[in-house]
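Here the structure is laid out as structure tokens; the discussion comes afterwards.
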Amino acid sequence: MERCPTCGGKMQDRTPAKPYHYTESGLKNVYLEGVTIWRCSACEEELIELGNVPGLHAQIAELLLQKPFILTGSEFRFLRKEMRMKAKDLATVLGVTPTTVSRWETGEERLGVANDRLIRSLYFFWLVEQGKIVDPKSILDRVATQFPTIKATPKAFPIRLPVKPELAAAR
Ligand SMILES: [Zn+2]
């Protein structure tokens, strides 16, 4: 990136010493290592280079599926958005009102143990539909081994990921 997309000024890059707090993900606990921050010397606009964003989000989703605690509202919302589902449509699928989905996502209402497993299961189905899981039996294995270990406390779950496009693209 040589030129600023806003003003055409010269961009300078740097790699921050601390991991980048990726709040743009909508999650509170995601930190990315090795990002490049581009700053315009003229208008001071900053852009963060994340490489393969869909691949990065797929990695985050995979870690959330393995999370050993019940999902928080923002983690639930992250999985819903990854599936490109509207809150209204997800509510219909889960047999609840859109208000309930909204209250889960804002954290006003706790996501129950069963609904936590349901959203993870739906995401598995979505991965199958996307052709990312070719062996459906692997889902049953994961359900059998992972689901019983999920604790009912909605505990924070820090995610730290290196930003390496080639890594993300390998998924
Ligand atoms: Zn600029």
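Sequential numbering from 1005 applies to the sequence shown in this note's numbering.
All C-beta atoms in this analysis are idealised placements derived from N, C-alpha and C, irrespective of residue type, glycine included.
With H, G and I counted as helix, E and B as strand and the rest as coil, what does DSSP make of PHE1161?
coil
Hey, how far is the Cα of MET1015 from the Cα of ARG1124?
Using only the alpha carbons, I get a separation of about 41 Å.
What are the boundary residues of the alpha helix (DSSP H) that includes TYR1127?
1117 to 1133
Along the alpha helix (DSSP H) that carries ILE1143, what are the first and last residues, could you check?
1140 to 1150
Out of GLU1109, TRP1130, THR1153, which one is the CA nearest neighbour of LEU1031?
Nearest C-alpha to LEU1031: GLU1109.
Report the partner residues of PHE1166 according to the DSSP bridge assignment.
A quick correction: the sequence has Pro, not Phe, at residue 1166. For PRO1166, which the question treats as bridged, DSSP gives the partners GLU1037.
Sorted by chain position, which residues of the same chain lie with C-beta nearer than 7 Å to VAL1117's C-beta, five sequence neighbours on each side aside?
Contacts found: ILE1074, ALA1156.
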